[in-house]
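Q: So the protein sequences, as listed, match chains A, B and C. Per full-length UniProt numbering, the first sequence starts with residue 1, numbered consecutively. Per full-length UniProt numbering, the second sequence starts with residue 1, numbered consecutively. Per full-length UniProt numbering, the third sequence starts with residue 1, numbered consecutively. Beta carbons: idealized from backbone N, C-alpha and C, even for Gly.
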Amino acid sequence: MAGVGRSGTQAGRFFLISVTVLFFAVFLLAPLVAVFSTALQKGSGYYLAALADPETAAAVRLTLLTTCIAVPVNTIFGLCAGWAIARYEFPGKTLLKTVIALPFSVSPVIAGLMFILVYGSGGLIGPWLEARHIQVIFAVPGIILTTLFVTLPLAAHEVIAVLEARGKEEEEVAWTLGATGRQIFCRITLPKIKWGLFYGVMLSTARAMGEFGAVSVVSGHIRGLTNTLPLHIEILYNQYDAVAAFAAATLLALAALATLAAKAVMELRPGLRGDRSAPGPAYAGGEK
Amino acid sequence: MGVTLRSVCKSYKRTRVLQDVDLDLPTGKLVALLGPSGSGKTTLLRILAGLEVPDRGTVLFDGEDVTRRPPRVRRAGMVFQHYALFGHMTVFENIAFGLRVLPRKVRPLSWEIDTKVRALMHKVRLDGLESRYPAQLSGGQQQRVALARALAVDPRILLLDEPFAALDAKVRIELRRWLRDFQRELGITTVFVTHDQEEAMDIADLVAVVNQGRIEQVGSPSEIYERPANAFVFEFIGRSNVLPLDSREGKWALELISPVPSKLASSADPLRAYVRPHDIDVHLRRDRSTAVKAVVERVRPQGALVRLVTRATGGEHRFEAEISRERYEDLKVETGDIVYLEFRSVTVFSPHRQVVHSRTLEPVREKLQQPTGG
Amino acid sequence: MAKEIKGRVVLPGFGMTLGVTLFYVSVMILLPFAALVLKSASLSLHEFYETVTAPRVTAALRLSLLTAWIAASINVVFGVPAAWVLSRYSFPGKRLLDAMVDLPFALPTAVAGIALTAMFGPTGGPGAILGRLGVKIAFTPAGIVVALVFIGLPFVVRTLQPVIESLDRRMEEAAATLGASPAQVFFRVILPPLVPALLSGFSLAFARGIGEYGSVVFISGNMPMRTEIAPLVIMTKLQQFDYAGATAVAVVLLIVSFIVLSAVRLMELRAGFWRTGVR
């Protein structure tokens with residue numbers, strides 16, 4: 001493809017590729033390698049023992065519980081929001097899109113703060129909850145709520161991106177052919193967006209498992225009870241048990257790698273690459 | 001099934017897309033909605049499909065008001081411009097879709113669906129492609145899948161949005177002739193949207209010329225061509241030369257030629273005058289006083305015809321004349337030669353879109369007296 | 001009857017999906033924001049001013065803004081060639097590189113934080129080498145920049161990529177046939193349409209950088225007045241149950257983000273204009 005007269009000569013091309021590879025190697029690959037090499041520093045026996053630690057196991061369980069609630073809820077929300085936003089015109093649509101993207105632009109610490117201001121003892125509905133002996137902040141519900149907040153836009157964004165890129169003609173055809181709303185959704189829309197949705201779900205999962213700042217604010221850091229995996233990693237790290245910390249971190253790193261693989265698979269699907277001219281990542285550019 | 005539109009209006013935000021559209025589509029006819037892009041023709045088609053509801057006016061299917069019936073129950077088969085095939089379904093499943101989504105009570109049995117789909121595929125010449133996916137088909141094949149899919153539900157009316165626009169020039173002509181015959185065989189009232197006048201004139205029984213949300217004229221292709229209702233239709237259909245008109249002392253005159261016929265002379269409105277290229281006679285000598293002297297700028301042989309691009313002397317005005325090859329061989333004109341143009345028929349329109357004067361050859365010529373050009 | 005909104009027939013499901021969306025967004029996003037706004041409105045101006053001008057807070061704010069700015073700039077410098085290489089060239093391993101761009105987004109920040117600290121700390125490989133040269137990264141502002149470069153990288157690259165892909169290559173060829181040198185082609189033909197996307201990527205990376213917490217707290221060392229970032233100040237105040245103080249600092253950070261992101265939005269509007277001009 002590189003023809004004569006293109007802006008890159010062979011040397012320039014080689015230089016640019018080298019710069020990129022080097023930059024990525026230092027900033028992206030090296031940290032990943034560091035996670036796995038440190039975790040396995042003291043051998044696989046130590047690695048497995050670190051993972052089997054009861055407190056680590058409890059943190060894994062809480063993280064899984066949080067993820068198993070946050071991801072399905074946000075996926076259902078994402079489908080509803082995607083359908084409403086990409087299929088209809090209504091006043092305030094742009095505003096709604098902006099509001100949905102808000103959690104992207106809020107510092108996780110501030111996100112946690114906001115939930116304390118709602119559900120904490122001095123907060124908006126905190127006293128009401130307290131009177132009924134419902135504890136949200138410094139307890140599991142708070143962790144779940146902040147995780148929901150942080151991962152809220154991810155699935156919605158992917159669904160909106162695919163639906164907007166693919167247009168609504170196929171749904172309209174199905175409608176003229178006599179399909180009901182449910183039939184249109186199940187037979188046309190869902191198959192059409194499944195890879196985008198799949199990536200959105202994977203991304204939500206990775207983020208839900210890995211959320212640190214926001215959860216850190218609302219968790220009471222009670223070991224075995226309100227410690228999620230990332231919080232537990234912090235504790236282990238601060239106790240100078242780096243190998244155990246990294247061992248736990250490998251679990252989250254694997255989830256992240258699975259997400260990247262999911263995206264790569266999605267982009268390989270025929271019919272998706274061409275249609276999604278700008279595979280807008282959820283976090284960059286808000287909405288397209 | 002006959003379809004009637006009565007004073008249909010449609011606006012998006014503040015843009016008026018359709019204004020008081022009245023249209024009668026007789027049963028079994030192939031109707032072209034012809035107009036430039038943005039004229040509202042696709043909106044009209046979507047209103048027929050039920051995908052849009054007009055702001056005012058009614059849509060009648062065989063006298064029954066369906067204006068507010070959703071597309072699901074309307075049984076209007078729609079073929080979208082880019083076909084909108086279901087990419088995740090095979091050709092077979094695409095065509096079977098409308099049958100599979102029927103309520104269980106009326107849904108045909110599996111083998112009945114199978115038989116029907118196969119029969120349709122045979123009809124549209126897609127045999128053997130059942131298990132292909134849309135991405136593996138050529139443009140013409142995709143179009144026929146979309147057509148078969150729309151036909152599977154036994155539609156009362158068939159709607160096609162720019163059905164040939166996405167095809168190669170050669171396939172396009174072949175496929176539109178085929179569609180023409182196919183439609184005649186089926187006998188379903190069919191409406192197709194196009195911006196290509198040649199396409200509309202070639203296959204439609206009835207052409208509705210749409211411009212800026214209005215129907216300018218409805219008629220058979222020959223009516224539209226022979227008796228255009230207004231300047232827009234005249235210019236849009238076929239090739240045309242605009243004649244320069246000049247207002248002198250409150251009278252309109254065909255510049256280069258003469259004062260205009262007295263009938264028009266007092267008109268205060270700005271007028272537009274046209275002549276078709278094939279209504280221009282080319283001579284080497286001035287036979288009539290009304291002839292316009294011009295220089296041949298280009299000679300373009302086009303099959304049995306030869307097109308001459310000429311420029312009136314003493315001006316920048318160009319005329320394209322179309323003469324037969326025989327005539328051309330008699331004249332033997334070349335670039336740079338002087339010729340005399342005689343207009344066999346001049347058509348004049350006022351901006352109110354009525355014909356002020358049209359295609360009456362002799363009166364024009366009789367009253368053209370003093371040549372001012374040349 | 002077909003369902004309609006203002007005379008337009010619409011596909012079924014509008015009421016239900018929009019209802020669910022609005023309800024969920026109200027409870028999950030608007031309510032927390034409302035709580036923050038109410039809390040900040042309850043602060044007296046004096047209280048607010050005292051809090052945000054305390055030396056430890058101003059130092060932290062300054063550090064956050066400065067490091068986020070530097071990191072975003074580094075990302076722009078390396079992001080342009082990276083996005084260019086990923087959109088224009090094909091070479092073995094390109095898909096892998098492209099997939100890796102999203103790593104900072106998918107990798108939990110705490111994991112990134114400890115990994116970068118391990119790398120650039122005195123015992124890590126690159127850290128030890130740099131240490132021998134007298135350069136300290138971990139537990140200095142430089143460490144914060146490193147973490148923010150990691151976090152911000154995908155924002156710049158992923159904003160630029162679609163724009164580069166949409167550039168008409170024939171434009172470059174046309175410029176070359178008109179006698180432009182490769183450098184002239186780059187600066188006069190390629191770069192101008194990229195500027196809006198560059199600014200947008202920069203701003204997104206910057207906005208993310210000033211709020212980043214997880215990846216920074218491990219590598220920064222968190223020394224008050226020197227390597228303490230603004231989100232950490234909020235965290236500290238929260239641990240002391242000083243919700244008013246935390247809210248004051250949070251409001252400052254949110255206003256900065258808001259300004260930056262509004263600028264992005266404006267630029268995107270103009271970028272739309274630019275891009276249509278380009279195609």
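#1: Please name the residue in C/A230, C/F155 and C/S181 whose C-alpha comes closest to that of C/V264.
#2: When the Cβ atoms of the stretch 102–111 of chain C are set against those of the stretch 34–54 of chain C, are three or more pairs found closer than 8 Å?
#3: From B/A49, B/R14, B/M1 and B/L18, pick the residue whose C-alpha is nearest to that of B/S7; which is it?
#4: Rounded to a whole number of angstroms, what is the C-alpha to C-alpha distance between C/R62 and C/A230?
#5: Quick one: is B/L160 near chain A, going by C-beta distance under 9 Å?
#6: Helix, strand or coil for B/M78, going by three-state DSSP, please let me know.
#7: Excluding five sequence neighbours on each side, which residues of the same chain lie with their C-beta closer than 7 Å to the C-beta of B/I338?
#8: So, do the stretch 130–149 of chain A and the stretch 23–32 of chain C have three or more beta carbon pairs nearer to each other than 8 Å?
#9: Taking A/E170 as the query, report the chain C residues whose CB atoms sit under 9 Å from its CB, ordered along the chain.
#10: Could you check whether the Cβ of A/L113 sits closer than 9 Å to any Cβ belonging to chain C?
#11: To the nearest angstrom, report how far apart B/V209 and B/S11 are at their CA atoms.
#12: Beta-carbon within less than 8 Å of B/R68's beta-carbon, same chain only, minus the 5 sequence neighbours each way: which residues are those?
#13: With the cut-off set at 9 Å, would you say A/L231 and A/V215 are in Cβ contact?
#14: Along chain B, in chain order, which residues have C-beta atoms closer than 7 Å to that of A/V173?
#15: May I ask you to report which of helix, strand or coil DSSP gives A/R207?
#16: Kindly give me the distance between the Cβ atoms of B/L159 and B/A49, rounded to whole angstroms, as I take these residues to be in contact under 8 Å.
#17: What is the DSSP secondary structure of B/H88, counted as helix, strand or coil?
#18: Is it a yes or a no for the stretch 162–181 of chain A touching the stretch 54–61 of chain C, going by three-plus beta-carbon pairs under 8 Å?
#19: Flag this pair as yes or no: are the beta carbons of A/A248 and A/L65 separated by less than 9 Å?
#20: Please classify B/S131 as buried or exposed, where buried requires at least 16 other C-beta atoms within 10 Å of its C-beta.
#21: Rounded to whole angstroms, what is the Cα-Cα separation between C/M16 and A/V162?
#22: Quick one: is A/R187 near chain B, going by C-beta distance under 9 Å?
#23: At what residues does the beta strand (DSSP E) containing B/V296 begin and finish?
#24: What are the start and end residues of the alpha helix (DSSP H) that includes C/Y24?
#25: Are the CB atoms of B/P108 and B/K116 within a distance shorter than 9 Å?
#26: According to DSSP, is B/F182 part of a helix, a strand, or is it coil?
#27: Which first and last residues belong to the alpha helix (DSSP H) in which A/F138 is found?
#28: Find the residues of chain A that neighbour C/M119, judging by a C-beta separation of less than 7 Å, and give them in chain order.
#29: Quick one: what's got a C-beta closer than 8 Å to B/G28's C-beta in the same chain, skipping five residues either side?
#30: Determine, for B/A152, whether the minimum Cβ-Cβ distance to residues of chain A falls below 9 Å.
#31: Under 9 Å, CB to CB, which of the residues in the stretch 116–148 of chain C have a partner in chain A?
#32: Please confirm if A/Y88 has its CB atom under 9 Å from at least one CB of chain C.
#33: Kindly indicate if chain A contains any beta-carbon less than 9 Å away from that of B/F349.
#34: Figure out for me which residue from C/M235, C/G214 and C/L198 has the closest Cα to the Cα of C/V76.
#35: Could you name the residues of the same chain whose beta carbon sits closer than 6 Å to that of A/F212, not counting the 5 residues immediately before and after it, in chain order?
#36: For C/G209, name the three-state secondary structure that DSSP assigns.
A: Looking at the coordinates:
#1: C/F155
#2: no
#3: B/L18
#4: 8 Å
#5: no
#6: strand
#7: K293 and V295
#8: yes
#9: Result: empty, since nearest Cβ-Cβ is about 11 Å, beyond 9 Å.
#10: yes
#11: 19 Å
#12: V53
#13: yes
#14: M78, F80 and A84
#15: helix
#16: 5 Å
#17: coil
#18: no
#19: no
#20: exposed
#21: 21 Å
#22: yes
#23: V292 to Q302
#24: F14 to V25
#25: yes
#26: helix
#27: Premise fails: A/F138 is in no alpha helix (DSSP H) and is neither H nor E.
#28: A30, P31 and A34
#29: G187, I188 and T189
#30: yes
#31: L116, T117, A118, M119, G124, G125, P126 and V146
#32: yes
#33: no
#34: C/L198
#35: P230
#36: helix
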